[in-house]
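Novice: For the sequence shown, the positions run 96 to 164 when our numbering is used.
Even for Gly, the Cβ is constructed at its ideal location relative to N, Cα and C.
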Amino acid sequence: MKKSTWDTVPVVEVRLPTCPTCGELKYIGIKGWRDADGGRTSRRVCKRCGQLYIVLSLPDCGSDDLGVW
Ligand SMILES: [Zn+2]
96 MKKSTWDTVP VVEVRLPTCP TCGELKYIGI KGWRDADGGR TSRRVCKRCG QLYIVLSLPD
156 CGSDDLGVW
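1. Who are the near neighbours of VAL150 in its chain, counting only those whose CB is closer than 7 Å to its CB and skipping five residues on each side?
2. Provide the residue span of the beta strand (DSSP E) that contains CYS117, from first to last.
3. Give a yes or no on whether the C-beta atoms belonging to THR116 and GLN146 are separated by under 8 Å.
4. When you compare each of LYS126, LEU153, TYR148, ARG129 to LEU172 by their alpha carbons, which one comes out closest?
5. To the nearest whole angstrom, what separates the beta carbons of GLY134 and LEU153, a pair I think is in contact under 8 Å?
6. When you compare only the Cα positions, how much space is there between CYS144 and TRP101?
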């Protein structure tokens, strides 16, 4: 196996889900559930503009919010 250094490894970017209207990160969680395929669905209300939106986390993401380990 080839040895890697941190200077040469690939970078994978993830970002937290934000409001699709104004980009706000803060939200009020209304309801969340685990889907049959292992993913998660959550309903949210933006704390800044009040936009309702749904966040789908794919099964291989490992947690509800990307970036939370
Ligand atoms: Zn918003």
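Specialist: Let me lay it out:
1. Position 55 of the sequence shown, counted from the start, is the residue given in the question as residue 150. Hits under 7 Å: PRO112, SER137, ARG139.
2. Locating residue 117 in the sequence shown gives position 22, where the first residue counts as 1. Segment: none, CYS117 is in no beta strand (DSSP E) and carries neither H nor E.
3. As a working note, residue 116 is residue 21 in the sequence shown. As a working note, residue 146 is residue 51 in the sequence shown. Result yes, Cβ atoms of THR116 and GLN146 sit closer than 8 Å.
4. Residue 172 cannot be examined here, being either before or after the span of the chain that is shown, 96 to 164.
5. For the purposes of this step, residue 134 is identified with residue 39 of the sequence shown, where counting begins at 1. For the purposes of this step, residue 153 is identified with residue 58 of the sequence shown, where counting begins at 1. Sure, about 5 Å apart at Cβ, within 8 Å.
6. Translated into positions along the sequence shown, residue 144 becomes position 49. Translated into positions along the sequence shown, residue 101 becomes position 6. Their backbone Cα atoms lie some 40 Å apart in a straight line.
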